[in-house]
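Same order as they appear, the protein sequences are chains A and B. If you read the first sequence in UniProt numbering, its first letter stands for residue 1, the second for the next number, and so on. If you read the second sequence in UniProt numbering, its first letter stands for residue 1, the second for the next number, and so on. Built from N, CA and C at the ideal position, the CB exists for glycine as well. If you're wondering where the values come from, they're calculated on a predicted model, not measured in any experiment. Below is one structure, written out as structure tokens; the observations come after it.
2 protein chains.
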Amino acid sequence: MDLQARERQVIEASWRVIARQGMRALTVRNIAQEAGLAPSSLRYAFPTQDSVREKSIRAVLERLRERVAAIAPDSPSWAWQTLQELLPLDDERRLEMEVSLALGTAAVTDPLLAPLRAELDAEVYSLCERACAALGLERPGLARELQALIDGLALHVVLVPGDDGRWTLEVLRLRLQELGVACD
Amino acid sequence: MDLQARERQVIEASWRVIARQGMRALTVRNIAQEAGLAPSSLRYAFPTQDSVREKSIRAVLERLRERVAAIAPDSPSWAWQTLQELLPLDDERRLEMEVSLALGTAAVTDPLLAPLRAELDAEVYSLCERACAALGLERPGLARELQALIDGLALHVVLVPGDDGRWTLEVLRLRLQELGVACD
DNA sequence: CCCATAGTCGCACAGTTGTGCCACAATAGG
DNA sequence: CCTATTGTGGCACAACTGTGCGACTATGGG
């Protein structure tokens, strides 16, 4: 049996539960039902409930890394494409960011989740830093500003149910334009 | 008996529970213990559990409005002072923002909380808009950028346990400086 | 005095939570 | 054939959840 596929199945089920019903509903029985499994079968792959949360946020980080790695590193639009990966511009990314927001918020009071969320933050910051460098923007502190701006934009999109996030592109474009960078 | 004082007492207890133990622990019995009340007594002022969450996020909005209203409207530094009220620069504001983040995230899947969070967002946007106007910044979309930047900065401070948020002032100052505005 | 009202608290109930334990099926190696 | 491994699923348990209900005390008006 493919145990890794089972993990992915459960994790994606937990994502859907978080997005549709919120953290309160992230229970063993709800996840099992969403994944089409018996609660006891779920516990074979995930012995404890904490491990579901842990793997779920770790999966967000991995998915982000995969998407960024798929961008041609030498492309002149690498930076612009990468920054777009940090915005919830389609259903997939929106789902991931709803999950990372919910689990990230929970991580504030959950020692098990805290290091994972810190790693995710570090990854985003690193991407902003590299994007700045690729765009020839060297002002100190600019990467932090860019990270805060992008996370803030993503936050607002995710918090508003119907928002497709298209408008965030325009805001980001204007900001980069002011820095003397053209986006395509 | 002062029923309004009782409400405030319970709400602040719920804030502390959220900040210290997270949303999972926001239960009737935990709040009651934190407030020094018997669970049944709590239910006299708050008949249902939902009402605690609702009043808690509403209280955040009211506190923000009070703080902003206390700033001299004609002061030349009104905008700068107001923007600072949106950042978690001391324990009080940090607590409020931890609560608004936790409850705001929960509001995504909680129809009762959603309108309150929307109102809170609208208030912050309105403040950013007025701050832009007071600073003579008229570029369309700038208020949205400012709101995203500030919320993103606040988010990062709140998500990192030890962070005192002082660095966000520098980021914001640099951004406004680039727009031709000096901060004091 | 009596009585009504306001507020506090204990108890109980049905439902849900995470998890431990054990029985069962399938599959593969000998 | 027997046996071990891998995985599925059912059942039960203690703990916890929100909330309903009724008993209690204190206070103040008549």
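I'd like to know whether the C-beta of I57/B is nearer than 9 Å to at least one C-beta of chain A.
By this cut-off, I57/B is not an interface position.
Assess contact between the stretch 144-155 of chain B and the stretch 142-149 of chain A, defined as three or more Cβ pairs (one per stretch) separated by less than 8 Å. Is contact present?
Put simply, the stretch 144-155 of chain B touches the stretch 142-149 of chain A. At least three CB pairs are less than 8 Å apart.
Tell me the rounded alpha-carbon separation between V157/B and E85/B.
Rounded to whole angstroms, the separation of the alpha carbons of E85/B and V157/B is 14 Å.
Assuming the contact rule is C-beta atoms closer than 8 Å, V10/B and I31/B should be a hit. Round their C-beta distance to whole Å, please.
That belief holds up - the Cβ atoms of V10/B and I31/B are roughly 7 Å apart, short of 8 Å.
I need the straight-line Cα distance from residue 189/A to S51/A, nearest angstrom please.
Outside the shown range of chain A (1 to 184) lies residue 189/A, about which nothing can therefore be said.
For a cutoff of 9 Å on Cβ pairs, would you count D164/B as touching chain A?
Under the Cβ criterion of 9 Å, D164/B is not counted among the residues facing chain A.
Beta carbons nearer than 7 Å to chain A: which residues of the stretch 41-55 of chain B have them?
For the stretch 41-55 of chain B, no residue has a beta-carbon sitting nearer than 7 Å to a beta-carbon of chain A.
Just curious, the alpha helix (DSSP H) that V157/A is in, first and last residue?
Run containing V157/A: L142 to L159, per the alpha helix (DSSP H) assignment.
From W167/A, Y125/A and L137/A, residue whose alpha carbon lies closest to that of G141/B
Ranked by Cα distance from G141/B, the options W167/A, Y125/A and L137/A are led by W167/A.
In chain order, which continuous runs of the alpha helix (DSSP H) of length 4 or greater are located wholly inside the stretch 38-93 of chain B?
Counting only runs of 4 or more, we get 39-45, 49-69 and 78-85.
Is the number of C-beta pairs between the stretch 62-80 of chain B and the stretch 122-135 of chain B that are closer than 8 Å three or more?
A contact exists between the stretch 62-80 of chain B and the stretch 122-135 of chain B.
Is the Cβ-Cβ distance between V181/A and L135/A less than 9 Å?
The answer is yes: Cβ separation under 9 Å.
Under 8 Å Cβ-Cβ, which residues of chain B neighbour G136/A?
By Cβ distance, chain B contributes nothing, its closest Cβ being about 16 Å from G136/A, past 8 Å.
Quick one: which chain B residues come within Cβ less than 8 Å of D90/A?
In chain order: nothing, as chain B lies at least about 18 Å away.
Give, in chain order, every residue of the stretch 2-21 of chain B whose Cβ lies closer than 9 Å to some Cβ of chain A.
For the stretch 2-21 of chain B, the residues whose beta carbon sits under 9 Å from a beta carbon of chain A are, in order, I18, A19, R20 and Q21.
Taking C-beta to C-beta, are L116/A and R58/A nearer than 9 Å?
Against a cut-off of 9 Å, the Cβ pair of R58/A and L116/A comes out as a contact.
Could you check which residue in A13/A, L179/A and T105/A has the C-alpha nearest to that of R139/A?
Comparing Cα-Cα distances from R139/A to each of A13/A, L179/A and T105/A, the minimum goes to L179/A.
Please classify T105/A as buried or exposed, where buried requires at least 16 neighbouring CB atoms within 10 angstroms.
When all chains shown are included, T105/A counts as buried.
Residues within the stretch 76-109 of chain A neighbouring chain B, beta-carbon criterion of under 9 Å:
Residues of the stretch 76-109 of chain A with a C-beta atom less than 9 Å from some C-beta of chain B are E98, L101, A102, G104, T105, A106, A107, V108 and T109, listed in chain order.
If contacts are defined as beta-carbon pairs under 8 Å, then A154/B and L87/B qualify, I think. What distance do you get, rounded to the angstrom?
So it is a contact: roughly 6 Å between Cβ atoms.
Cβ-based burial, T109/B [other Cβ within 10 Å; buried from 16]
T109/B should be labelled buried.
Less than 9 Å between the C-beta atoms of G152/B and G165/A, yes or no?
Here G152/B is not near G165/A, since their CB atoms are 9 Å or more apart.
If we define contact as Cβ-Cβ less than 9 Å, is R29/A a contact residue for chain B?
It does not; no Cβ of chain B falls within 9 Å.
I want to verify the contact list: residues of chain B whose CB lies under 8 Å from the CB of G141/A, in sequence order.
Residues of chain B whose Cβ lies closer than 8 Å to the Cβ of G141/A are, in chain order, E170, V171 and L174.
Since D184/B is in the alpha helix (DSSP H), which residue starts that stretch and which ends it?
From DSSP, D184/B is part of no alpha helix (DSSP H); its letter is neither H nor E.
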